[in-house]
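Engineer: One structure is given below, represented as structure tokens, and several questions about it will come after.
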Amino acid sequence: MESGTQPERDDKVSLELSEEILNSMEVGMSFRDYSGRISSMDFHKSVSYLVTASDDESIRLYDVNGGTCLKTINSKKYGVDLVRFTSHPTTVIYSSKNGWDESLRLLSLHDNKYLRYFKGHHDRVVSLSLCAGKECFISGSLDRTVLLWDQRAEKCQGLLRVQGRPATAYDEQGQIFAIAFGGYIRMFDARKYEKGPFNIFSVGGDVSDANVVEFSNDGRLMLLTTMGGHIHVLDSFRGTLLSTYNVKPVSSNSTLEASFSPEGMFVVSGSGDGSVHAWSVRSGKEVTSWPGCENEPPLIKWAPGRSKILNVQHPCNFKHEAVKRLCCATCVQRYFSIAGSASVSWSCIPFGCKMACERSRAELSMLMCTQTDHTVGIALGIISDLLWLNLFW
Numbered sequence: 001m002e003s004g005t006q007p008e009r010d011d012k013v014s015l016e017l018s019e020e021i022l023n024s025m026e027v028g029m030s031f032r033d034y035s036g037r038i039s040s041m042d043f044h045k046s047v048s049y050l051v052t053a054s055d056d057e058s059i060r061l062y063d064v065n066g067g068t069c070l071k072t073i074n075s076k077k078y079g080v081d082l083v084r085f086t087s088h089p090t091t092v093i094y095s096s097k098n099g100w101d102e103s104l105r106l107l108s109l110h111d112n113k114y115l116r117y118f119k120g121h122h123d124r125v126v127s128l129s130l131c132a133g134k135e136c137f138i139s140g141s142l143d144r145t146v147l148l149w150d151q152r153a154e155k156c157q158g159l160l161r162v163q164g165r166p167a168t169a170y171d172e173q174g175q176i177f178a179i180a181f182g183g184y185i186r187m188f189d190a191r192k193y194e195k196g197p198f199n200i201f202s203v204g205g206d207v208s209d210a211n212v213v214e215f216s217n218d219g220r221l222m223l224l225t226t227m228g229g230h231i232h233v234l235d236s237f238r239g240t241l242l243s244t245y246n247v248k249p250v251s252s253n254s255t256l257e258a259s260f261s262p263e264g265m266f267v268v269s270g271s272g273d274g275s276v277h278a279w280s281v282r283s284g285k286e287v288t289s290w291p292g293c294e295n296e297p298p299l300i301k302w303a304p305g306r307s308k309i310l311n312v313q314h315p316c317n318f319k320h321e322a323v324k325r326l327c328c329a330t331c332v333q334r335y336f337s338i339a340g341s342a343s344v345s346w347s348c349i350p351f352g353c354k355m356a357c358e359r360s361r362a363e364l365s366m367l368m369c370t371q372t373d374h375t376v377g378i379a380l381g382i383i384s385d386l387l388w389l390n391l392f393w
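The structure is reproduced here in structure tokens:
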């Protein structure tokens, strides 16, 4: 857990995400540590860590590269709903879920100590966004307020009143933040927010409650999801509505999540019927989907945009009778491994493993797979399982 052993993202490689790669994605890893629904998760920007929050009142820290759970911390007194990394890879901010204390908490995962409490909201916090590289963050609540915070101070630095359930997000540079509610996205200069929004974008008459607003990594695009089952993609400079994707609506107790791929070419989202869908931003067409087994929308997060190919320390154990595409996101067989056999049909090996064993098809059982994450990785929080989708194992 010390900084010297943190799995930093380096050794960048060029790997352009394509429709073929998206269609080849499979479940690469599963963590079945939870006894409750996963309510939130977040990737660190510069270290290969993933943090999750669950209705079982736990916060878990994962090493994405190693595929291991590094830390489990329970929050029995306060509960936990939303969780976000700060700039430090073992410090998070999270919201409560106990019905009587809506404070936000700055928590050190390293030694399980609270560093600060942020009191101000009087109802459930439904949106939490941290400013990249800075100490500020914003939170939106069902009390119809958006509060602006500095991690170094307990009192909020600013308050904005809204007329509905708010969704909030900073852009990647931390210069602009967006607040969505009531069918519109309001754009604020983070340095002059008290002057009001400098622009207001319409999402085509969709007035259902806002769930998630997000900027693409390059800041050129933004998306908004709503409880009505709509994912709107807009030009973040002009506010032009580029595409609207439709899925099954979600209940008032759920959240419809969607996320841009790191280069902004694709959008992946959940659905009210539990399925997962991916669309091409350029064409506006659906590229692929993965059916679900539960009528509960999964959480969706793309890993950050840096790419790295690394070796895993275990061989692929191939069992050709278990080869399958991801046809059910909550099926029992999670690892999709294939038994060592020289007679395995090359056509049935997933795309990623074809790349890894191009030079040695006959010795599949001895193959040491390479794993690609970040650019081609999606984490899915589905009911009480955390799945890692990528090309390789």
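The sequence shown begins at 1 in our numbering and counts up one residue at a time. Where a beta carbon is used, it is the ideal one built from N, C-alpha and C, also for glycine. Model, not experiment: these values are computed from the prediction.
If we require 3 or more residues per run, which beta strand (DSSP E) segments fall completely within the segment 224-253?
Structural biologist: Here the runs fully enclosed are 230-235 and 241-246.
Engineer: Excluding the 5 residues preceding and the 5 following D422 in the sequence, name in chain order all residues of the same chain whose CB lies nearer than 7 Å to its CB.
Structural biologist: No information on residue 422 is available, as it lies outside the stretch 1 to 393 that the chain covers here.
Engineer: Do three or more CB pairs link the segment 160-172 to the segment 243-251 at distances below 8 Å?
Structural biologist: No, because fewer than three Cβ pairs between the segment 160-172 and the segment 243-251 fall closer than 8 Å, the two stretches do not touch.
Engineer: Can you give me the C-alpha to C-alpha distance between N23 and A210, rounded to a whole angstrom?
Structural biologist: The residue given as residue 23 occupies position 23 in the sequence shown. The residue given as residue 210 occupies position 210 in the sequence shown. So the alpha carbons of these two residues sit roughly 29 Å apart.
Engineer: Short check: CB of S54 to CB of E102, under 8 Å?
Structural biologist: As a first step, residue 54 is located in the sequence shown; it is residue number 54 there, counting from the start. As a first step, residue 102 is located in the sequence shown; it is residue number 102 there, counting from the start. It is not a contact, given that the beta carbons lie outside the stated cut-off.
Engineer: Check whether the Cβ atoms of T72 and S58 lie closer than 8 Å to each other.
Structural biologist: Residue 72 sits at position 72 when you count from the first residue of the sequence shown. Residue 58 sits at position 58 when you count from the first residue of the sequence shown. Yes, these two residues count as a Cβ contact at 8 Å.
Engineer: DSSP three-state label for S259, please.
Structural biologist: Numbered from its first residue, the sequence shown carries residue 259 at position 259. Residue state, collapsed to three classes: strand.
Engineer: Put V193 into one of helix, strand or coil per three-state DSSP.
Structural biologist: As a working note, residue 193 is residue 193 in the sequence shown. Per the sequence presented here, residue 193 reads as Tyr, with Val not at that position. DSSP places Y193 in helix when its eight states are reduced to three.
Engineer: Check the C-beta distance from Y170 over to S129 and give it rounded, since I have them as a contact under 8 Å.
Structural biologist: As a working note, residue 170 is residue 170 in the sequence shown. As a working note, residue 129 is residue 129 in the sequence shown. Y170 to S129, Cβ: 5 Å. Contact.
Engineer: Which same chain residues end up closer than 6 Å to G239 when comparing Cβ atoms and leaving out the 5 residues on each side of it in sequence?
Structural biologist: Within the sequence shown, numbered from 1, the residue matching residue 239 stands at position 239. F201.
Engineer: Around the Cβ of H396, are there at least 16 other Cβ atoms within 10 angstroms (buried) or fewer (exposed)?
Structural biologist: The shown model of the chain, from 1 to 393, leaves out residue 396, and the question about it has no answer.
Engineer: Considering only C-alpha positions, which residue in the set E257, R105, T91 and S127 is nearest to D111?
Structural biologist: Start at 1 with the first residue of the sequence shown, and residue 111 comes out as number 111. The candidate whose alpha carbon is nearest that of D111 is T91.
Engineer: Taking the alpha carbon of S62 as the reference point, which residue from F31, V80 and S35 has its own alpha carbon closest?
Structural biologist: By 1-based counting over the sequence shown, the position of residue 62 is 62. Note that residue 62 is Tyr in the sequence shown, not Ser. Looking at the Cα atoms, F31 is the closest of the given residues.
Engineer: Measuring straight from C-alpha to C-alpha, what distance separates C69 and L109?
Structural biologist: To locate residue 69, count along the sequence shown from 1; it is residue 69. To locate residue 109, count along the sequence shown from 1; it is residue 109. Each residue's Cα considered, the two are about 12 Å apart.
Engineer: Taking the alpha helix (DSSP H) that N23 belongs to, which residues open and close that run?
Structural biologist: Position 23 of the sequence shown holds residue 23. Note, N23: alpha helix (DSSP H), E19 to S24.
Engineer: Using DSSP bridges, identify the partner residues of A132.
Structural biologist: Within the sequence shown, the letter at position 132 stands for residue 132. The partner list for A132 (beta bridge, DSSP) is empty, contrary to what the question assumes.
Engineer: Work out the CA separation of S289 and A153 for me, nearest whole Å.
Structural biologist: Looking up residue 153 in the sequence shown gives position 153. Looking up residue 289 in the sequence shown gives position 289. Approximately 44 Å between the Cα atoms of the pair.
Engineer: Can you give me the C-alpha to C-alpha distance between E16 and S261, rounded to a whole angstrom?
Structural biologist: The residue labelled residue 16 in the question sits at position 16 within the sequence shown. The residue labelled residue 261 in the question sits at position 261 within the sequence shown. Straight-line Cα distance between these residues: approximately 11 Å.
Engineer: How many Å lie between V51 and K192 at the Cα?
Structural biologist: By 1-based counting over the sequence shown, the position of residue 51 is 51. By 1-based counting over the sequence shown, the position of residue 192 is 192. Their Cα atoms are separated by approximately 32 Å.
Engineer: Looking only at C-alpha atoms, which of F137, N74 and G28 sits nearest to E396?
Structural biologist: The chain is shown only over 1 to 393; residue 396 falls outside these bounds and no answer can be derived.
Engineer: Does any C-beta atom of chain C lie closer than 8 Å to the C-beta of T91?
Structural biologist: Protein chain content of the structure displayed is limited to a single chain, and chain C is not contained in it.
Engineer: Report the CB separation of G158 from E194 in whole angstroms; it is logged as a contact under 8 Å.
Structural biologist: Indexing the sequence shown from 1 puts residue 158 at position 158. Indexing the sequence shown from 1 puts residue 194 at position 194. Their Cβ separation, rounded to whole angstroms, is 7 Å, which keeps G158 and E194 in contact under 8 Å.
Engineer: Quick one: Cα of F43 to Cα of V233, how far?
Structural biologist: In the sequence shown, residue 43 corresponds to position 43, counting from 1. In the sequence shown, residue 233 corresponds to position 233, counting from 1. Looking at the two C-alpha atoms, the distance is approximately 22 Å.
Engineer: Starting from V83, trace the beta strand (DSSP E) both ways and give me its first and last residue.
Structural biologist: The residue given as residue 83 occupies position 83 in the sequence shown. That run of the beta strand (DSSP E) goes V83 to F85.
Engineer: For the ligand GDP, is there a heavy atom less than 7 Å away from the beta-carbon of V203?
Structural biologist: Looking for the ligand GDP in the displayed structure turns up nothing, as the structure carries no ligands at all.
Engineer: Which of the three DSSP states is assigned to N199 in this structure?
Structural biologist: Working through the sequence shown from its first residue, we reach residue 199 at position 199. Here N199 sits in strand by DSSP.
Engineer: Could you give the distance in angstroms between the alpha-carbon of Y117 and the alpha-carbon of T145?
Structural biologist: As a working mapping, residue 117 is identified with position 117 in the sequence shown. As a working mapping, residue 145 is identified with position 145 in the sequence shown. When rounded, the distance between both Cα atoms is 18 Å.
Engineer: How many whole angstroms separate the CB atoms of L224 and A180, which I take to be in contact at a CB cut-off of 8 Å?
Structural biologist: Taking the first residue of the sequence shown as 1, we reach residue 224 at position 224. Taking the first residue of the sequence shown as 1, we reach residue 180 at position 180. Confirmed, about 5 Å.
Engineer: Please confirm whether F266 and V281 have their CB atoms less than 8 Å apart.
Structural biologist: To locate residue 266, count along the sequence shown from 1; it is residue 266. To locate residue 281, count along the sequence shown from 1; it is residue 281. For F266 and V281, yes; Cβs fall inside 8 Å.
Engineer: Distance, Cα to Cα, L256 vs P297?
Structural biologist: Against the sequence shown, residue 256 aligns to sequence position 256. Against the sequence shown, residue 297 aligns to sequence position 297. Going by the C-alpha atoms only, they are around 6 Å apart.
Engineer: Suppose contacts are defined by Cβ-Cβ distances below 8 Å. Is T244 in contact with G204 by that definition?
Structural biologist: The count along the sequence shown starts at 1 and reaches residue 244 at position 244. The count along the sequence shown starts at 1 and reaches residue 204 at position 204. Cβ distance < 8 Å, so T244 and G204 count as in contact.
Engineer: Is it buried or exposed for S283, if we count other Cβ within 10 angstroms and need 16 for buried?
Structural biologist: By one-based count along the sequence shown, residue 283 stands at place 283. Exposed, since its Cβ has fewer than 16 Cβ neighbours within 10 Å.
Engineer: Quick check on this structure: which residue in G79, S271 and R105 has the alpha carbon closest to the alpha carbon of P291?
Structural biologist: Here residue 291 refers to the residue found at position 291 of the sequence shown. Nearest of G79, S271 and R105 to P291, Cα basis: S271.
Engineer: Pick out whichever of V83, L115, G79 and Y114 has its Cα sitting closest to the Cα of G99.
Structural biologist: Translated into the one-based positions of the sequence shown, residue 99 becomes position 99. The shortest C-alpha separation from G99 is found at G79.
Engineer: Should E20 go down as buried or exposed, given a rule of 16 or more other Cβ atoms within 10 Å for buried?
Structural biologist: Translated into positions along the sequence shown, residue 20 becomes position 20. It counts as exposed.
Engineer: Roughly how many whole angstroms lie between the Cα atoms of Y49 and F237?
Structural biologist: The sequence position of residue 49 within the sequence shown is 49, counting from 1. The sequence position of residue 237 within the sequence shown is 237, counting from 1. Their backbone Cα atoms lie some 31 Å apart in a straight line.
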